[in-house]
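When we follow my numbering, the leftmost residue of the sequence shown carries the number 166, and every step to the right adds one.
All C-beta atoms, glycine included, are put in the ideal place defined by N, C-alpha and C.
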Amino acid sequence: MISHFLYLIISITLWMQYTSVYADEVSTAKNKSIEITKGINGLDKVVLSQIHGSTVELYLYGAHVTSWKNEHGEELLFVSSKAIFQPPTAIRGGIPIIFPQFSNLGPLRSHGFARNRVWTIDNNPSPFPSKTINGVFVDLLLKPTEDDLKIWPHSFEYRLRVTLGLNGDLIMTSRIRNVDTKPFNFTFAYHNYFSVSNISEVKVVGMKGLDYLDNTKNRTRFTENRDVITINSEIDRIYLSTPKKVAVLDHKKKQTITVQKDGLLDAVVWNPWEERAKTIVDLGADDYKLMVCVEAAAIGKPIILKPGKEWKVSQKLSAR
């Protein structure tokens with residue numbers, strides 16, 4: 166009798182545990198999804214979504230995030246009205262991956278080649294830290310082609326995880342491994358284009374007291390004395406040794422976008438303004454009014470990566 170009673174209790178307990186796990190799995194499946202589909206000009210695209218309505222879209226071409234929408238369906242990233250979704254031209258807007266060279270700081274074409282290559286989905290990535298797997302995510306992989314090795318003779322593996330968090334945050338985690346026999350160095354940036362109501366309504370905070378290199382003045386070094394940065398002319402600055410968090414405030418939208426950086430010391434603030442915008446063929450004449458770039462970067466001190474070593478960095482974007 167006792168053994169039969171214990172058997173019954175154990176059976177009920179196991180059944181409850183099973184149904185609980187099953188319910189969690191069903192709930193998780195309903196709360197989030199990953200879709201691989203075709204985007205503009207037939208380019209492969211991945212769509213991440215949460216049940217509350219937030220979404221992220223990224224193209225395998227360039228591992229390029231082109232859309233990040235909140236639970237209300239409001240777009241948080243800017244993409245040019247004249248963006249060219251056709252290789253080998255980089256997509257103007259969203260979040261280009263800048264590697265292995267920022268701007269013209271080296272022998273390559275401006276901003277390197279990662280944003281001009283087709284990445285693959287990594288179905289068997291090596292383990293990421295547990296904190297990066299909350300939410301729905303996709304893993305991408307880039308390895309150099311023979312043509313890449315001719316212009317930048319270094320073997321690497323670049324793994325990128327793009328995560329849409331449970332609360333709508335966008336998290337990008339990069340891991341770059343040197344699989345060569347010699348060290349190499351590089352510069353890097355997440356080139357974030359944020360959508361704004363009007364550039365006149367925007368403030369960037371978190372830079373007071375920091376040194377910056379002004380790209381409009383031959384990278385002359387200055388110190389930022391303002392509590393908040395307002396933009397009423399062309400701005401192109403590399404802020405050095407920045408805090409882990411910087412923010413973009415949009416007064417009209419009553420919205421704050423926070424860029425939280427891990428392992429990325431620098432930050433770039435860029436808006437081409439009217440005259441410079443006219444020289445950019447894939448940027449609409451008035452697009453500069455609707456965007457601001459605040460980038461998480463490693464520029465001031467190039468990264469030196471030894472053979473067999475891996476460099477890990479991330480950014481988390483939050484909109485409130």
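Next on the checklist: Check this for me: beta carbons of V369 and D415, under 8 Å apart or not?
Outcome noted: The answer is no: Cβ separation not under 8 Å.
Checklist entry - If I396 sits next to I464, beta carbons under 8 Å apart, how far is it from one beta carbon to the other, in whole angstroms? => result 20 Å between Cβ atoms; not a contact.
Next on the checklist: If I measure Cβ to Cβ from E440 and keep anything under 8 Å in the same chain, skipping five residues before and after, which residues do I get?
Outcome noted: Excluding residues within five positions, the ones whose Cβ falls inside 8 Å are E399.
Next on the checklist: Rounding to the nearest angstrom, what Cα-Cα distance links W435 and S291 in this structure?
Outcome noted: W435 and S291: Cα-Cα distance of roughly 35 Å.
Next on the checklist: Would you say the beta carbon of T338 is closer than 7 Å to some non-hydrogen atom of the ligand HEM?
Outcome noted: This structure lacks the ligand HEM, and indeed carries no ligand of any kind.
Item to check | Nearest neighbour of L273, chosen from K315, F359 and L242 [CA to CA] | outcome: Ranking K315, F359 and L242 by Cα distance to L273 puts K315 first.
Checklist entry - Which ranges would you report for the beta strand (DSSP E) in the stretch 414-451 if only whole runs of at least 3 residues count? => result Here the runs fully enclosed are 420-427 and 431-436.
Checklist entry - Sorted by chain position, which residues of the same chain lie with C-beta nearer than 7 Å to S219's C-beta, five sequence neighbours on each side aside? => result Within the same chain, Cβ atoms closer than 7 Å to the Cβ of S219 are found at K234, N235, E236, L329 and G333, the five residues on either side in sequence being excluded.
Item to check | Spatial distance of L375 from E460 (CA atoms) | outcome: L375 and E460 have their C-alpha atoms some 15 Å from each other.
Checklist entry - When the Cα atoms are used, what is the spatial distance from P348 to K418? => result Spanning the two alpha carbons is a distance of roughly 46 Å.
Checklist entry - To which residues of the same chain is T388 closer than 8 Å at the C-beta, ignoring the five residues directly before and after it? => result Correct list, in chain order: G374, L375, D376 and Y377.
Next on the checklist: Output needed for N350: all residues of its chain with C-beta closer than 8 Å, excluding positions within five of it in sequence on either side, in chain order.
Outcome noted: Close CB contacts of N350 within its chain, under the 8 Å cut and outside five residues either way in sequence, are with P467, I468, I469 and L470 (chain order).
Next on the checklist: Short of 6 Å in beta carbon distance, which residues of its chain neighbour V446, apart from the five on each side in sequence? Order them along the chain.
Outcome noted: Once the five neighbours on either side are set aside, V446 has no close Cβ partner at all.
Checklist entry - Since L314 is in the alpha helix (DSSP H), which residue starts that stretch and which ends it? => result For L314, the enclosing alpha helix (DSSP H) begins and ends at E311 to I316.
Item to check | Closest residue to K477 among K308, L213 and L429 (Cα-Cα distance) | outcome: Minimum Cα distance to K477 is reached at L429.
Checklist entry - What does DSSP give as the partner residues of V459 in its beta bridges? => result In the DSSP secondary-structure assignment, V459 is bridged to V434.
Checklist entry - Which residues mark the beginning and the end of the beta strand (DSSP E) in which S398 is found? => result No beta strand (DSSP E) holds S398; DSSP gives it neither H nor E.
Checklist entry - Which term fits K426, buried or exposed, when burial requires 16 or more other beta carbons within 10 angstroms of its beta carbon? => result Result: buried.
Checklist entry - Are the beta-carbon atoms of L335 and L482 separated by less than 8 Å? => result Yes, Cβ-Cβ distance for L335 and L482 is below 8 Å.
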